[in-house]
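Novice:
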Amino acid sequence: MTTNTPRIFVAGHRGMVGAALVRQLKARAPQAQLITRTRAELDLTDQAAVRAFFAAENVDTVYLAAAKVGGIHANNTFPAVFIHQNLMIECNVVHEAWRHGVQQLLVMGSSCIYPKLAEQPIREEYLLTGAIEPTNEPYAVAKIAGIKLAESYARQYGVDYRAVMPTNLYGLGDNFHPENGHVIPALIRRFHEARVNGADEVVIWGTGNARREFLYVDDMAAACVHVMAMERSAYAAITKPMQSHINIGTGQDITIGELAHLIGKVTGYAGRIGFDTSKSDGAPRKLLVVSKIESLGWAPTTPLEAGLRQSYQEFLSL
Numbered sequence: 022m023t024t025n026t027p028r029i030f031v032a033g034h035r036g037m038v039g040a041a042l043v044r045q046l047k048a049r050a051p052q053a054q055l056i057t058r059t060r061a062e063l064d065l066t067d068q069a070a071v072r073a074f075f076a077a078e079n080v081d082t083v084y085l086a087a088a089k090v091g092g093i094h095a096n097n098t099f100p101a102v103f104i105h106q107n108l109m110i111e112c113n114v115v116h117e118a119w120r121h122g123v124q125q126l127l128v129m130g131s132s133c134i135y136p137k138l139a140e141q142p143i144r145e146e147y148l149l150t151g152a153i154e155p156t157n158e159p160y161a162v163a164k165i166a167g168i169k170l171a172e173s174y175a176r177q178y179g180v181d182y183r184a185v186m187p188t189n190l191y192g193l194g195d196n197f198h199p200e201n202g203h204v205i206p207a208l209i210r211r212f213h214e215a216r217v218n219g220a221d222e223v224v225i226w227g228t229g230n231a232r233r234e235f236l237y238v239d240d241m242a243a244a245c246v247h248v249m250a251m252e253r254s255a256y257a258a259i260t261k262p263m264q265s266h267i268n269i270g271t272g273q274d275i276t277i278g279e280l281a282h283l284i285g286k287v288t289g290y291a292g293r294i295g296f297d298t299s300k301s302d303g304a305p306r307k308l309l310v311v312s313k314i315e316s317l318g319w320a321p322t323t324p325l326e327a328g329l330r331q332s333y334q335e336f337l338s339l
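So the mapping is simple: this note's numbering equals the position in the sequence shown, first residue as 1, plus 21.
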């Protein structure tokens, strides 16, 4: 049911991406009514609860940012939890949104769902062309299913359901745990603590030669709002019915060694940076081709060093 005031449900608004989406939508669509629910208020894995929510709220648009996420250790330890919870969230939200007349919905994937040995840089059409990294396969399979759900409902029912595939994200709301956090927040914490404790050296796993792409989370949120705001014909012109997701990234990468030195600069660490070459680098490179989103008039606005400084300031405020 459509009202004069757009009603937008941001699922997962307390997560890093969901919170950034709320910031973007408040700035760019102040006339919209944003609808949010905490996990305690609405369990997205509970079909009956999700059905009752959509029946009561008359939602026009959904941003599906809710997901069960974790690092390598968590994915290896709880594979059943990761695949089950993510499948349930996606199935319940997409299906009940459709049942209750929601015409616009955005699903968010993750670049880790591309094949482990995908040709670099990675184009959208490389999805499902090879084996996935085993350590996060259950999570990745669930996220692929979410993208295919959106595609399938669009194909069969004619609804405007879209999908984006972000690169590695960092920024406000990140997890700065030294083991469970992703590379940028974990390194920010390690370099900060090394500076505070007067450590002579910070040792990074691997050779430092692996290359990675990083996108500030508010830029990701801006890209999502941009994708959802475009005319349906413009979105359809650069996608296909069974390949409808769009990569979101910077189109530029950096070595882990260069990243470590940059984080050392941002945190004021003046000691040595070493590399434990007995540890694996992982994939030598992970970079997305972002020509599609660029052709739609979007580009990131936060340079890496500026984003790292904002992330460090948040860490200091914790």
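Ideal Cβ placement from N, Cα and C applies to all residues, glycine included. None of these values were measured; they are calculated from a predicted model.
(1) Could you tell me whether the segment 233–241 touches the segment 191–201, where touching means 3 or more Cβ pairs closer than 8 Å?
(2) Starting from residue 113, follow the alpha helix (DSSP H) in both directions and report where the run begins and ends.
(3) Mapping the DSSP letters down to three states, classify residue 187 as helix, strand or coil.
(4) Determine the burial state of residue 195: buried for a count of at least 16 other Cβ atoms within 10 Å of its Cβ, exposed for fewer.
(5) Give me the Cα-Cα distance between residue 23 and residue 217, rounded to the nearest whole angstrom.
(6) Quick one, are the C-beta atoms of residue 124 and residue 162 less than 7 Å apart?
(7) Let's see if you can read the secondary structure: which residues bound the beta strand (DSSP E) around residue 222?
(8) Taking 7 Å as the threshold (C-beta atoms), are residue 84 and residue 119 in contact?
(9) Quick one: grab the DSSP three-state call for residue 297.
(10) If we call anything under 7 Å between Cβ atoms a contact, is residue 45 one with residue 26?
(11) Taking the Cβ atom as the reference point for each residue, do residue 177 and residue 306 lie within a distance shorter than 7 Å?
(12) Classify residue 122: buried if its beta carbon has 16 or more other beta carbons within 10 angstroms, exposed otherwise.
(13) Counting beta carbon pairs with one atom in the segment 129–139 and one in the segment 148–166, are three or more of them shorter than 8 Å?
(14) Under three-state DSSP, which class holds residue 203?
(15) With distance defined between alpha-carbon atoms, name the residue in 64, 127, 94, 98 nearest to residue 81.
(16) Going straight from the alpha carbon of residue 256 to that of residue 213, what length do you get?
(17) Using 8 Å as the threshold, is the segment 196–211 in touch with the segment 249–263, meaning 3 or more CB pairs across them?
(18) Would you verify that the beta carbon of residue 59 is, or is not, closer than 7 Å to some beta carbon of chain E?
(19) Go to residue 75, then tell me how far its beta strand (DSSP E) extends in each direction, as first and last residue.
(20) Going straight from the alpha carbon of residue 41 to that of residue 243, what length do you get?
Specialist: Reading from the atomic positions:
(1) In this structure the segment 233–241 lies against the segment 191–201, because at least three pairs of beta carbons, one per stretch, are closer than 8 Å.
(2) For the purposes of this step, residue 113 is taken as the residue at position 92 of the sequence shown. Note, residue 113: alpha helix (DSSP H), 100–120.
(3) Working through the sequence shown from its first residue, we reach residue 187 at position 166. Here residue 187 carries a strand assignment [DSSP, helix/strand/coil].
(4) The count along the sequence shown starts at 1 and reaches residue 195 at position 174. Buried.
(5) By 1-based counting over the sequence shown, the position of residue 23 is 2. By 1-based counting over the sequence shown, the position of residue 217 is 196. With a pLDDT of only 46 at residue 23, under the threshold of 50, the placement of this residue in the model should not be trusted; the figure read from the coordinates follows. When only Cα atoms are considered, residue 23 and residue 217 end up about 55 Å apart.
(6) Counting from 1 along the sequence shown, the entry for residue 124 is found at position 103. Counting from 1 along the sequence shown, the entry for residue 162 is found at position 141. Judged by their CB atoms, residue 124 and residue 162 are not nearer to each other than the 7 Å cut-off.
(7) Translated into positions along the sequence shown, residue 222 becomes position 201. According to the DSSP assignment, residue 222 belongs to the beta strand (DSSP E) that extends over 222–226.
(8) Here residue 119 corresponds to residue number 98 of the sequence shown, with the count starting at 1. Here residue 84 corresponds to residue number 63 of the sequence shown, with the count starting at 1. Result no, Cβ atoms of residue 119 and residue 84 do not sit closer than 7 Å.
(9) The sequence position of residue 297 within the sequence shown is 276, counting from 1. Correct three-state label for residue 297: strand.
(10) Sequence index remark: in the sequence shown, residue 45 carries index 24 (1-based). Sequence index remark: in the sequence shown, residue 26 carries index 5 (1-based). No. Outside cutoff.
(11) Mapped onto the sequence shown, residue 177 falls at position 156. Mapped onto the sequence shown, residue 306 falls at position 285. At the C-beta level, residue 177 and residue 306 stay beyond 7 Å of one another.
(12) Counted from its first residue, the sequence shown places residue 122 at position 101. Per the 10 Å Cβ criterion, exposed.
(13) Yes, the segment 148–166 touches the segment 129–139.
(14) In the sequence shown, residue 203 corresponds to position 182, counting from 1. Reduced to three states, the DSSP call for residue 203 is coil.
(15) As a position in the sequence shown, residue 81 is number 60, starting the count at 1. Taking the Cα of residue 81 as reference, the smallest distance to any Cα among 64, 127, 94, 98 is reached at 127.
(16) Taking the sequence shown and counting its residues from 1, the one referred to as residue 256 is at position 235. Taking the sequence shown and counting its residues from 1, the one referred to as residue 213 is at position 192. Those two C-alpha atoms are separated by around 43 Å.
(17) Taking 8 Å as the limit for Cβ pairs, the verdict is that the segment 249–263 does not touch the segment 196–211.
(18) Included in the structure is just one protein chain, with no chain E present.
(19) For this step, residue 75 is matched to residue 54 along the sequence shown. According to the DSSP assignment, residue 75 belongs to no beta strand (DSSP E) but to the alpha helix (DSSP H) extending over 68–78.
(20) Along the sequence shown, read from residue 1 onward, the residue named residue 41 stands at position 20. Along the sequence shown, read from residue 1 onward, the residue named residue 243 stands at position 222. Their backbone Cα atoms lie some 8 Å apart in a straight line.
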